[in-house]
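Here's the structure we're looking at; comments come further down.
Residue numbers (the working numbering), protein chains in the order written: chain A, 178 to 627; chain B, 400 to 717.
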């Protein structure tokens, strides 16, 4: 008994040593024994049916491989993922986010796929321009194939606009500047209504008792502000970092950035946007659905949720043009990455390639939940949305016009968030002036000096 | 803790008196003879203690002197983590926030629980009432937190609907930095007061009736009886309850983790949540371990002081 145990221990140690060797400078490859079960994780419940169908189709084409799809909400996803990767029982393949993958690369937790892309002849030009390059790490290696992309647009309550006498066409051509807010602020002010029915731009408006806010607030946006203020800062010529991806210096000290945030915070002071403290635990879309706000900025991934509110007549419009005369939207994309500790690299690579192929992306397109990365699949998704009665031009237009910019991709994402979340919360709740962001910026940049 | 020491004292005294007649060698063999049997009985607890407490604690203390990100091997850095902690504004903020929470939580919880225990003792001893009082404690922490999170929501929570109906302004219970800690403290008072009351109730029942009868004969009024009889005789139990609840209160985590996540700004970044964040989101396990060691020392000192000042190992009945 004791001997047998010893032998098992030796074997296990040998296996450990072996796997440690192999995962050193490993590259993913679809060659070798591709069979067994692979675990795949994603966070968006809306996309689960589409990817489950991809998994089923993939199993039909490769009967030896079974894909088990697991969905966890965004809030738990990253903690669970880190813990399970450390514990050695993480998923073989998981949906990866641009703001997070730098840390995974740094810790050698995901496999580069350059070899597989070369040997399996994957055409990187089939994707929307720029998307494939996002997944090249700071070490020059490729860590994912793009699966989808997103932009932001204005979601508005058509009935409230009609009541306020604002036409849908006016919504399509709003402009904004950080000084007086342009026609964008005028619309927001006019759509804000207090308890007595007075509008935000009328004398006698009671900003402390607002029934409907002109503009919804999701949160302070931390250091990224994807659905909060990035569509404004993007029009001022401001960039998050000195270069993107893999910048080493942030620019939260720039007056252009701080002026924009000051204007944004001003909406709260004027009573046009809810106070930051009221957003804790609340959901911006749900408040929109309850008629508490007239306009929201949000991403295409929430279209089905916004469409689902009963009694809400939803309108979509592109974000306003800014001081540079153009619109701006953050352009973000997801990809699938392979766990460096996977026991089944060949099957995992095959699955990643399948997810990034038109076979799967056309399926995702037909579900009309998100825009797939492959150009043709994007068009198919737009058609599928149209068939469901939604014109998604406000989202696709920014890609066609080239008015998108990328989410900042740098190292230290988690620590930057730890600094910027409280810093932006302080500013948005009025506890600190926008100039305090300069100090936060110094703290952020110090992270890159270590 | 205290109850065993109360019972253990007397046999020791008697044993000490009986000792000289027996030879020392004899006693020694007896002890060794008992050792094996004793080990068998102690083993389950001992294994658990070593595996889940001692080893992680020792390893944690070691890691607190290292720089460790979980993926590469720990690097010895000496006291660097501790020096950094004492210069870390967020650490002092966490200590302040946690202390505020503990004062509010323990203050209200103990007073309310004592009141409930006295009511149970004097007014009704119905098991049903006791069961109902215990109910919040039987619900999982996270569920309690989420339940109140929804009920206290600013826009659609029932509490704010009621406030507005009465004519009071709405309150962002979890979102306002002045309200957040009191709100979280209140949620946990609500959850734990029934359980604490039951413990105190058990302590009340252990006070001999004749003491009260004598007090009544001497003409002491209720107020005097409470302060001169009940409180002194309840002291060991009260102390046990305080040591356990204060230690638990310092480790507040789940309510914060499912509601405010440390915000707004840093208003609810309690020490345990700060440790969790440093470890699991920033992957600074060395720094987080050092924070844990500091928390451990603080809790040990507090428990020691409580025992010393409140003389927890003595009973006024002796």
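Every residue, glycine too, gets a C-beta built ideally from N, C-alpha and C.
Given the structure is predicted, the values throughout are model-derived calculations rather than measurements.
Check your understanding: Does residue 680/B come within less than 7 Å of chain A when only Cβ atoms are used?
Key -> As a position in the second chain, residue 680/B is number 281, starting the count at 1. Yes, residue 680/B lies at the interface with chain A (some Cβ there is under 7 Å from its Cβ).
**Study point:** Residue range of the alpha helix (DSSP H) that includes residue 588/B
**Key:** Within the second chain, residue 588/B is the residue found at index 189, counting from 1. If you look at residue 588/B, you'll find it in the alpha helix (DSSP H) that goes 579–604.
Review point. With contact counted as at least three CB pairs below 8 Å, one residue from each stretch, are the stretch 588–608 of chain B and the stretch 698–708 of chain B in contact?
Key: The stretch 588–608 of chain B vs the stretch 698–708 of chain B: no contact.
Check your understanding: How close, in whole Å, do the beta carbons of residue 587/B and residue 570/B come, if the pair is a contact with beta carbons under 8 Å?
Key -> Sequence index remark: in the second chain, residue 587/B carries index 188 (1-based). Sequence index remark: in the second chain, residue 570/B carries index 171 (1-based). Not a contact, Cβ separation roughly 19 Å.
Review point. Using a Cβ-Cβ distance under 7 Å, would residue 391/A count as near chain B?
Key: Position 214 of the first chain holds residue 391/A. False, the Cβ-Cβ gap to chain B never drops below 7 Å.
Check your understanding: So, is residue 506/B buried or exposed, given that buried needs 16 or more other C-beta atoms within 10 angstroms?
Key -> Within the second chain, residue 506/B is the residue found at index 107, counting from 1. Exposed.
**Study point:** Given residue 537/A as reference, the closest of 557/A, 280/A, 431/A and 611/A once Cα atoms are compared
**Key:** Taking the first residue of the first chain as 1, we reach residue 537/A at position 360. If we check each option's Cα against that of residue 537/A, 557/A comes out closest.
Practice item. With 9 Å as the C-beta to C-beta threshold (strictly closer), list the residues of the stretch 661–674 of chain B near chain A in chain order. Key: Residues of the stretch 661–674 of chain B with a C-beta atom less than 9 Å from some C-beta of chain A are 661, 662, 663, 664, 665 and 668, listed in chain order.
Exercise for review: Run down chain A in chain order and give the residues with a C-beta less than 9 Å from the C-beta of residue 553/B.
Suggested key: By 1-based counting over the second chain, the position of residue 553/B is 154. Going along chain A in sequence order, the residues near residue 553/B (Cβ under 9 Å) are 451, 452, 454, 455, 456, 457, 458 and 459.
Check your understanding: Taking contact to mean at least 3 C-beta pairs separated by less than 8 Å, is the stretch 683–692 of chain B in contact with the stretch 570–580 of chain B?
Key -> At 8 Å Cβ cutoff, the stretches do not touch.
Review point. Mind listing which residues of the stretch 581–597 of chain A have their C-beta closer than 7 Å to chain B's C-betas, in chain order?
Key: For the stretch 581–597 of chain A, which is checked against every Cβ of chain B, the residues closer than 7 Å are 591, 592 and 595.
Exercise for review: Using three-state DSSP, classify residue 391/A as helix, strand or coil.
Suggested key: Taking the first chain and counting its residues from 1, one reaches residue 391/A at position 214. In this structure, residue 391/A counts as strand in the three-state DSSP scheme.
Check your understanding: Looking at the C-beta of residue 263/A, does it have a partner C-beta in chain B at a distance below 7 Å?
Key -> Position 86 of the first chain, counting from 1, holds the residue named residue 263/A. With 7 Å as the cut-off, residue 263/A counts as an interface residue toward chain B.
Review point. According to the neighbour-count rule (16 or more other Cβ atoms, all chains shown, within 10 Å of its Cβ), is residue 628/A buried or exposed?
Key: Missing from the structure shown is residue 628/A; chain A here goes from 178 to 627 and no further.
Review point. How far does the alpha helix (DSSP H) with residue 205/A in it reach, from first residue to last?
Key: Residue 205/A sits at position 28 when you count from the first residue of the first chain. No residue range can be given for residue 205/A, since it is assigned to no alpha helix (DSSP H) and is classified by DSSP as neither H nor E.
Review point. For residue 690/B, which residues in chain A fall below 9 Å Cβ to Cβ?
Key: To locate residue 690/B, count along the second chain from 1; it is residue 291. Within 9 Å of the CB of residue 690/B, no CB atom of chain A is found; the nearest one sits about 14 Å away.
Check your understanding: Where does the unbroken beta strand (DSSP E) through residue 447/A begin, and where does it stop?
Key -> The residue you call residue 447/A lines up with position 270 of the first chain. Careful: residue 447/A lies outside any beta strand (DSSP E) and carries neither H nor E.
Exercise for review: Report all residues from its chain with a CB closer than 8 Å to the CB of residue 445/A; omit the five preceding and five following residues, and keep chain order.
Suggested key: Stepping through the first chain from its first residue, residue 445/A is reached at position 268. 394, 451, 452, 453, 605 and 607.
Review point. What three-state label does DSSP hand residue 308/A in the structure shown?
Key: For this step, residue 308/A is matched to residue 131 along the first chain. In the three-state reduction of the DSSP assignment, residue 308/A falls in the coil class, being assigned neither a helical nor a strand state.
Check your understanding: Is the Cβ of residue 603/A closer than 7 Å to any Cβ of chain B?
Key -> Here residue 603/A is taken as the residue at index 426 of the first chain, counted from 1. At least one CB atom of chain B sits nearer than 7 Å to the CB of residue 603/A.
Check your understanding: CB residue 642/A to CB residue 508/A, shorter than 7 Å?
Key -> What the structure shows of chain A is the stretch from 178 to 627, and residue 642/A is not part of that stretch, so it cannot be assessed.
Check your understanding: Under a CB-based cut-off of 7 Å, is residue 638/B close to chain A?
Key -> For the purposes of this step, residue 638/B is taken as residue 239 along the second chain, with counting starting at 1. Not one chain A Cβ lies under 7 Å of residue 638/B.
Point to revise | Coil, strand or helix - residue 671/B by DSSP | key: On the second chain, residue 671/B is found 272 positions in, with the first residue counted as 1. Reduced to three states, the DSSP call for residue 671/B is helix.
Practice item. Answer yes or no: do residue 438/A and residue 611/A have a C-beta to C-beta separation smaller than 7 Å? Key: Locating residue 438/A in the first chain gives position 261, counting from the first residue. Locating residue 611/A in the first chain gives position 434, counting from the first residue. Result yes, Cβ atoms of residue 438/A and residue 611/A sit closer than 7 Å.
Point to revise | Residue nearest to residue 262/A in terms of C-alpha spacing, selected from 228/A, 403/A, 489/A and 520/A | key: Along the first chain, one-based indexing puts residue 262/A at 85. With distances taken between Cα atoms, residue 262/A lies closest to 520/A.
Check your understanding: Are the C-beta atoms of residue 422/B and some chain A residue less than 7 Å apart?
Key -> Taking the first residue of the second chain as position 1, residue 422/B is located at position 23. At residue 422/B, the pLDDT of 46 sits below 50, so the modelled position is not reliable and the matter cannot be decided from this model.
Check your understanding: The alpha helix (DSSP H) with residue 484/B in it runs from where to where?
Key -> Your numbering for residue 484/B matches position 85 in the second chain. Note, residue 484/B: alpha helix (DSSP H), 479–486.
Review point. Among 686/B, 642/B, 624/B and 617/B, which residue has its Cα nearest to the Cα of residue 707/B?
Key: Taking the second chain and counting its residues from 1, one reaches residue 707/B at position 308. For residue 707/B, the closest C-alpha among the options 686/B, 642/B, 624/B and 617/B is that of 642/B.
Check your understanding: Cβ of residue 599/A less than 7 Å from any chain B Cβ?
Key -> On the first chain, residue 599/A is found 422 positions in, with the first residue counted as 1. Yes, contact with chain B.
Review point. Should residue 548/B be labelled buried (16 or more other beta-carbon atoms within 10 Å of its own) or exposed?
Key: As a working note, residue 548/B is residue 149 in the second chain. It counts as buried.
Point to revise | Local conformation of residue 249/A per DSSP, three classes | key: As a first step, residue 249/A is located in the first chain; it is residue number 72 there, counting from the start. Assigned with DSSP and collapsed to three states, residue 249/A falls in coil, not helix or strand.
Check your understanding: Expressed to the nearest angstrom, what Euclidean distance is found between the alpha-carbon atoms of residue 498/B and residue 383/A?
Key -> Within the second chain, the letter at position 99 stands for residue 498/B. Within the first chain, the letter at position 206 stands for residue 383/A. Rounded to the nearest angstrom, the two C-alpha atoms are 39 Å apart.
Practice item. Would you mind telling me which residues of chain A sit closer than 7 Å to residue 469/B, beta carbon to beta carbon, in chain order? Key: In the second chain, residue 469/B corresponds to position 70, counting from 1. Within chain A, the residues near residue 469/B are 263.
Review point. Would residue 271/A pass as a contact of residue 218/A if the rule is Cβ separation under 7 Å?
Key: Along the first chain, one-based indexing puts residue 271/A at 94. Along the first chain, one-based indexing puts residue 218/A at 41. The answer is yes: Cβ separation under 7 Å.
**Study point:** Candidates 492/B, 541/B and 514/B: closest to residue 598/B by CA position
**Key:** Stepping through the second chain from its first residue, residue 598/B is reached at position 199. Out of 492/B, 541/B and 514/B, the CA that lies nearest to the CA of residue 598/B is found in 514/B.
Review point. Looking only at C-alpha atoms, which of 357/A, 338/A, 616/A and 561/A sits nearest to residue 441/A?
Key: Residue 441/A sits at position 264 when you count from the first residue of the first chain. Here the closest residue by C-alpha is 357/A.
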